[in-house]
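Undergrad: For reference, the structure I am asking about is given below.
In the working numbering, the protein residues as written are 8 to 176.
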């Protein structure tokens, strides 16, 4: 019984004429196909990386535009707050002290922390009270800062400077 091979199915023996040429041609076609697929994969990879780079550039430009828009809007809000007349002294103080402080200010998570000042001692000096009043401090503000009553601040402001204190200065 034969399987069509000249060797009788044993796998050895001479090949049919042109078989070596066909095998070489098929090997060459396979090599060319592999090379072609490699080139296609490389081209696709380069195209993907270029596309990603273009997307990153576009996203960067969009972020910069959004950042600039936010900055302009915040500047306008600050200008509007500064131009608007304050409704009271506390609001005026907040407006004058307002500073942009980054992400906490944008997220609204910024909050003022109160220090425990119970053990602090303020020396009540009438000269300091007069100096601060001359600089424009209010009587109520001085009373709060020194921890004394408004009447005591008014009394300190009404005191006259004694002659022996002027010789020390």
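Glycine residues also receive a C-beta, built at the ideal position from the N, C-alpha and C atoms.
1. Decide if residue 165 is buried, meaning its Cβ has at least 16 other Cβ atoms within 10 Å, or exposed.
2. Give the straight-line distance between the Cα atoms of residue 25 and residue 32, rounded to the nearest whole angstrom.
3. Would you kindly check if the distance between the Cβ of residue 133 and the Cβ of residue 154 is under 7 Å?
4. Between residue 162 and residue 123, what straight-line distance do the alpha-carbon atoms span, to the nearest angstrom?
5. Does the separation of the CB atoms of residue 160 and residue 146 fall below 7 Å?
6. With DSSP collapsed to three states, give me the class of residue 150.
7. In this structure, how does DSSP classify residue 85 when only helix, strand and coil are distinguished?
8. Let's see if you can read the secondary structure: which residues bound the alpha helix (DSSP H) around residue 144?
9. Check for me: the alpha helix (DSSP H) holding residue 131 runs from which residue to which?
10. Identify whether residue 159 lies in helix, strand or coil by the three-state DSSP scheme.
11. Identify whether residue 138 lies in helix, strand or coil by the three-state DSSP scheme.
12. So what does DSSP say about residue 40, is it helix, strand or coil?
13. Apply the 10 Å Cβ neighbour rule to residue 79 and answer buried if 16 or more other Cβ atoms are within range, or exposed otherwise.
14. Determine the DSSP secondary structure at residue 211, reduced to helix, strand or coil.
TA: The short version:
1. An exposed status is given to residue 165, since fewer than 16 other beta-carbon atoms sit within 10 Å of its beta-carbon.
2. So the two alpha carbons sit approximately 11 Å from each other.
3. No; because the gap between Cβ atoms is not below 7 Å, this pair is not in contact.
4. Answer to the nearest angstrom: the Cα atoms are 29 Å apart.
5. Taking 7 Å as the cut-off, the Cβ atoms of residue 160 and residue 146 count as close.
6. In the structure shown, residue 150 adopts helical secondary structure according to DSSP, grouped into three states.
7. Residue 85 carries a helical assignment under DSSP once its states are collapsed to helix, strand and coil.
8. Per DSSP, residue 144 belongs to no alpha helix (DSSP H) and is neither H nor E.
9. First-last for residue 131: undefined, no H or E at that position.
10. DSSP places residue 159 in helix when its eight states are reduced to three.
11. If DSSP states are grouped into helix, strand and coil, residue 138 belongs with the helices.
12. Here residue 40 sits in helix by DSSP.
13. Exposed: under 16 other Cβ atoms inside 10 Å.
14. Nothing about residue 211 can be reported from this structure: the residues present for the chain run from 8 to 176 only.
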